[in-house]
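Undergrad: Here's a structure for you.
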Amino acid sequence: MGKIKAVFYDLFKDYRFTVAFVVIVLLLFLAFLSVFSPYHPQRMYQVTRGLPPSLEHPLGTNWLGQDVFWQLTFAIKNSLIIAVVAAFFSRIIAVIVGIVAGYKGGVVDRVLTTVGDTTMVLPFLIILIIISMILKDWARHLSNLGLLLAFFSWAWDARVIRSQVLSLREREFVLVAVLSGMSTFKIVRKQLLPHVLPIVFTTFINNMSWAIGMEITLAYLGLGIDPTVPTIGTMLQTAIYRQALFLGLWWWLLTPIITAILLFVALYWLSVSISEYLDPRARFQRIGLKR
Amino acid sequence: MDIVLKTENLKTFYVLESMGEKKVVQAVNGVDLNIPRNEIFGIAGESGCGKSTLLKALLASLEPPLQLIDGKLLYLVDGEYLDVFSLSDDKIKELRWSYISYIPQGSMHVLNPVKKIKETFFEFLESHTKRKDRSEYLNLANEHLKELGLPSRVLDVYPHQLSGGMRQRTVIALATLLRPRVILADEPTTALDVVAQRAVIQLLKRIQKEFQNTIIMVTHDMGIHAQVTTRMAIMYAGKIVEEGPTDELFAKPIHPYTKHLIQSLPKIGDKEPREGIPGSPPSLVSPPPGCAFHPRCPYAFERCKVESPEFVKINQNHRVACFLAD
Amino acid sequence: MEKVLEVQNLTKVYSVGSLFSRTKITAVENVSFYIKPSEILTLAGESGCGKTTTAKIILGFEEPTSGEIFFEGELVSKKRLKKREFMRKVQAVFQNPFESFNPLITVDDIFFETVYNYGLTRDRDEAIKIIDDKLRVVGLSFEDINGRYPSELSGGQLQRISIARSLLINPSVLVADEPVSMVDASLRMSIVNLFAELKNKVGLSVIYITHDLATAYYVSDRIAIMFRGNIIEMGPVEEVLTNPRHPYTRLLRESIPEADPQRKWSQEITIADIEYEEYLRQGCKFAGRCPMAKEICTRQVPAEIMVNDVMVKCHMYDDSKNEVWK
């Protein structure tokens, strides 16, 4: 426990981490609030249309008769679910592919690398659009969209992990592990995985912001999940589609935009500060530690 | 005797803060050195004794977490002593390579792996001289290599094509292009085998003879010191414990640590059992009280455990910090 | 004559270079040697002579291009002797003690792994006893490693710990790949002495790979000098190092920096400048640098000639074992 405290102590020295942390906690809190929402997320005309921000409706109401603040709580929750599902499953694929390809080498490596390279060069936006058009019903569910995004985002990170494992494999402690009679599986789990986890962690965050961005893009194109389910993307899309600006309902349009910006910046700073913390060289410079 | 480089009670520590705790590594802890012109000056000691940190300090290259705590560093530039730590960064940069230069341990980091050697030479010349012409650079580089007895064809290959010994010699050639008055060499031969090592030492000797400058060489290998240095200092736990002419130090070592360093080396033709120095080098975070060597010293007595020995002059050139010399 | 481990005609070819100009480098060429029980055999030579590749092939980390390895007369291959069985008998220690332990895992872990994986015991207390026994052999105890991370231990300690780990399963052969080159000179002797002690007490055979001829002389029984993938001289260490026959061995012998300032190198030497050139030579690979080279040396690979107890691969000894080259 003391160790975790100490890690946070070092991390909080970086203002970027502190800001990002506060923002993320705030957004998580908002997402959590959705449980207590007095309104249904998808039903329309529950409140008076087009009210500006007030005490009763902190972020006003939209033209569809929904409270923007409570819509936002659902939107954050749903966007985060998509992002976490996408990041989680793509990390699993990336770790397995990366480690197997890097440690086994040979034919296995070549096959896996080719598959990965192929998914990387595919024009994934177009394919995503096509898939979400064909599998419209399937892709409308939050977690299914997350899975779809996961499938298109593992390859690059698998490559990074593979190259790290490739260099780890030659290191003396791995040879010693072989000599100590450890099985390949155990070597992977015990000797390699801990070295790979930092990458998994920071790319997890990057992948989340990528997934959120992709969700917004798809929603803007009218694809992806059911447009009545609030996410940051669908909120933005509805506001634009219903001409919020023309109607003078700036709070309706600005809310998803500002939330998206906050989320992107926070995730970016989180990932940068954590990867700097995990990178020994940068870390020595900041907290000063001699080998 | 001209002193080209001088330190007065130099103290540089690593000040680390991790997990909310402050840690101070006393890597260079009060070093007084007077390094004469026209000599190869050796600094010997085990790893973790602070010798590499001392070199960094002599180069005035203090980057966090390494900090100057106390003391002075003086360079003799154009007949005048400059207090280096009070100079501006620009001035220090100007002195680097032209007045004082540095040969690192691993030569791979210095040479750009994707460029031919001559490009690295050109880049170096471009950033350090006023001249602008490539053919002039090429002449300069060729001339310099010729002077050092190195084949000029090394300019036309990539670093990985060179053998380890030749690569290190090329780095040395690069570091001496501007004819520095003082050259600092940090374990320049550790990664090399004996034959390549000999070739590198041969080159350093030649450079010193040719340019009549000063080389300060750090290595733990007493054999190298015996071969190349004219004067040397033994370092232990951040301090100099003995200093004198190399011949004298090998013939009549006074400090028990110096004796150990010399005697523990095996020789071909002599299978006598030899022992290493018992124990491990001390921690620089919390060095032992008194004389830092006392826990490993076979001659230690009560006084050594509480009091830190001052330097005693054996003669004009030879000093030692040990109570046994009193 | 008993042989624990024997390699016959080991060859390893790498292809290096870019996509379009690949060159075949024979890193190990027709290498044959054996080791007897309770013997220390040194494989010596400069970096890139193939000694580490040879070790990696023996340990199964590299596949040889051709050649066989026998353990106690039995062919070691996937079918005849299982890898686990072989590793039970042949263990290794590596060059860099800091690299030999996973920095993220406590040092004791790999000890328990070794004990459990080779089925020495299932019981933790019994395992601790086995581990403690072996650590005592190297002058440490279980307490010294329990719950400690590699970064908390010194290089000398880690190297001894590394040796203790390799001894856990009582192997008959220990392959020590440059075990002292990263360790301070003052601590080298303790490690080298350990090998001698293990040889005498438990009859361990050690393949000691090094470029440090002084410790090789001090500790080993026989020595094989490697040059560019070939063993060019092999025999009793006393004979090979005090009376070197091959010109390269002579050069190596002379290049050891002796800790005696009165005996400095006089001759200037040349070294290979381009890394791969010597590998690609026809005839004797050393001919380009050899002071005795004749026309035949650049044309024809010298045969293995026995001069007394010593095998030499040099044309000087071609006719009627005449040691004088006219």
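Residue numbers (our numbering), protein chains in the order written: chain A, 1129 to 1419; chain B, 295 to 620; chain C, 28 to 353. Note that CB positions come from ideal geometry on N, CA and C, so glycine has one too. Values in this document were obtained by computation on a predicted structure and should not be read as measured data.
Can you check whether the CB of B/H549 is closer than 8 angstroms to the CB of B/E340?
TA: Not in contact: B/E340 and B/H549 (Cβ atoms no closer than 8 angstroms).
Undergrad: Which residues in the same chain have their Cβ closer than 8 angstroms to the Cβ of B/K412, if we skip the five residues on either side of it in sequence?
TA: Result list for B/K412: L432, A435, L449, D450, in chain order.
Undergrad: For B/Q610, count the other beta carbons within 10 Å of its own beta carbon; 16 or more makes it buried, fewer makes it exposed. Which is it?
TA: Burial call: exposed.
Undergrad: With H, G and I counted as helix, E and B as strand and the rest as coil, what does DSSP make of B/P560?
TA: Of the three classes helix, strand and coil, the one that applies to B/P560 here is coil, per DSSP.
Undergrad: Would you report the Cα separation of A/V1147 and B/Y452, rounded to the nearest angstrom?
TA: Cα-Cα distance, rounded: 47 angstroms.
Undergrad: Which bits of chain B does C/K291 rub up against, with CB to CB less than 7 angstroms?
TA: Under the 7 angstroms cutoff, chain B gives Q521.
Undergrad: Excluding sequence positions up to five away, which residues of its chain have a Cβ less than 8 angstroms from the Cβ of A/F1329?
TA: Closer than 8 angstroms at the Cβ level, and outside the excluded window around A/F1329, lie I1402, L1406.
Undergrad: Which two residues bound the contiguous beta strand (DSSP E) that contains C/D336?
TA: Premise fails: C/D336 is in no beta strand (DSSP E) and is neither H nor E.
Undergrad: Classify C/E29 as helix, strand or coil using the three-state DSSP reduction.
TA: Here C/E29 sits in coil by DSSP.
Undergrad: Report the option in B/Y530, B/K440, B/D541 whose CA atom is closest to the CA atom of B/I501.
TA: Among B/Y530, B/K440, B/D541, the Cα nearest to that of B/I501 is on B/K440.
Undergrad: Looking at the structure shown, is C/P124 part of a helix, part of a strand, or coil, going by DSSP?
TA: It is coil, neither helix nor strand.
Undergrad: Using a cut-off of 7 angstroms between C-beta atoms, extract the partners of A/H1168 located in chain C.
TA: Going along chain C, no residue has its Cβ under 7 angstroms from A/H1168, so there is no contact; the nearest lies around 49 angstroms.
Undergrad: Can you find a C-beta in chain C that's less than 8 angstroms from the C-beta of A/R1317?
TA: With 8 angstroms as the cut-off, A/R1317 does not count as an interface residue toward chain C.
Undergrad: Report yes if the CB atom of B/L304 is closer than 8 angstroms to the CB atom of B/L370, and no otherwise.
TA: No. Outside cutoff.
Undergrad: From A/S1162, A/L1351, A/V1225, A/L1346, pick the residue whose C-alpha is nearest to that of A/W1282; which is it?
TA: Per the Cα distances, A/V1225.
Undergrad: Which partner residues does A/T1246 have in the DSSP bridge list?
TA: Paired residue(s): none; A/T1246 is not in a bridge.
Undergrad: Could you check which residue in C/K30, C/E295, C/K161 has the C-alpha nearest to that of B/R492?
TA: That would be C/E295, whose Cα lies nearest to the Cα of B/R492.
Undergrad: Should B/V579 go down as buried or exposed, given a rule of 16 or more other Cβ atoms within 10 Å for buried?
TA: Under this definition B/V579 is an exposed residue.
Undergrad: Output needed for C/F125: all residues of its chain with C-beta closer than 7 angstroms, excluding positions within five of it in sequence on either side, in chain order.
TA: Excluding residues within five positions, the ones whose Cβ falls inside 7 angstroms are P177, G182, L185.
Undergrad: Cβ closer than 9 angstroms: which chain C residues qualify as neighbours of A/P1322?
TA: Going along chain C in sequence order, the residues near A/P1322 (Cβ under 9 angstroms) are N129, L131, I132.
Undergrad: Taking a contact to mean a Cβ-Cβ separation below 8 angstroms, would you say B/A520 touches B/F544 in this structure?
TA: A contact, by the Cβ cut-off of 8 angstroms.
Undergrad: So, are the CB atoms of A/L1275 and A/I1204 less than 8 angstroms apart?
TA: Cβ distance not < 8 angstroms, so A/L1275 and A/I1204 don't count as in contact.
Undergrad: Spatial neighbours of B/Y530 within its chain, please: C-beta separation below 7 angstroms, excluding the five flanking residues on both sides.
TA: If we look at B/Y530 and ignore the five residues flanking it on each side, its Cβ neighbours are G339, C343, Y551, A586, F587.
Undergrad: The ligand PLP heavy atoms versus the CB of A/I1209: any closer than 7 angstroms?
TA: Because no ligand of any kind appears in the structure shown, any question about the ligand PLP cannot be addressed here.
Undergrad: Between A/I1415 and chain C, is any beta-carbon pair separated by less than 8 angstroms?
TA: Note on A/I1415: pLDDT 46, under 50, position unreliable in the model; the coordinate value appears next. It does not: the Cβ of A/I1415 has no partner Cβ on chain C nearer than 8 angstroms.
Undergrad: Residues in the segment 525-554 of chain B with C-beta within 7 angstroms of chain C's C-beta atoms, listed in sequence order?
TA: So the list reads T540, D541, F544, H554, given in the order they occur along the chain.
Undergrad: Look at the alpha carbon of C/V337 and the alpha carbon of C/R277, and state the distance between them as a whole number of angstroms.
TA: Each residue's Cα considered, the two are about 14 angstroms apart.
Undergrad: Does the beta carbon of A/K1418 come closer than 8 angstroms to any beta carbon on chain C?
TA: Since pLDDT at A/K1418 reaches only 36, below the 50 mark, its modelled position is unreliable, and the value read off the structure follows with that caveat. Chain C contact via Cβ: absent.
Undergrad: Going along the chain, which residues of its own chain have a beta-carbon closer than 7 angstroms to the beta-carbon of C/E305, five neighbours each way excluded?
TA: Cβ within range, chain order: R255, A299, K312, G315.
Undergrad: Along the segment 1131-1142 of chain A, what residues have a CB closer than 8 angstroms to any CB found in chain C?
TA: Going along the segment 1131-1142 of chain A in chain order, one finds no residue with a Cβ nearer than 8 angstroms to chain C.
Undergrad: Which word fits C/E73, buried or exposed, when buried means at least 16 other C-beta atoms lie within 10 angstroms of its C-beta?
TA: So C/E73 counts as buried.
Undergrad: What are the residues that DSSP puts in a beta bridge with C/F97?
TA: Note: C/F97 sits in a beta bridge opposite C/E33, C/L102.
Undergrad: What residue range does the alpha helix (DSSP H) around B/C488 cover?
TA: Reading off the sequence, residue 488 of chain B comes out as Val, not Cys. 488-505 is the span of the alpha helix (DSSP H), which, as asked, contains B/V488.
Undergrad: Between which two residues does the alpha helix (DSSP H) carrying C/Q294 extend?
TA: Premise fails: C/Q294 is in no alpha helix (DSSP H) and is neither H nor E.
Undergrad: At the 8 angstroms Cβ level, is A/F1313 part of the contact set with chain C, yes or no?
TA: No, no contact with chain C.
Undergrad: From C/V164, C/Y145, C/D152, C/S168, pick the residue whose C-alpha is nearest to that of C/V134; which is it?
TA: The residue with the shortest Cα to Cα distance from C/V134 is C/S168.
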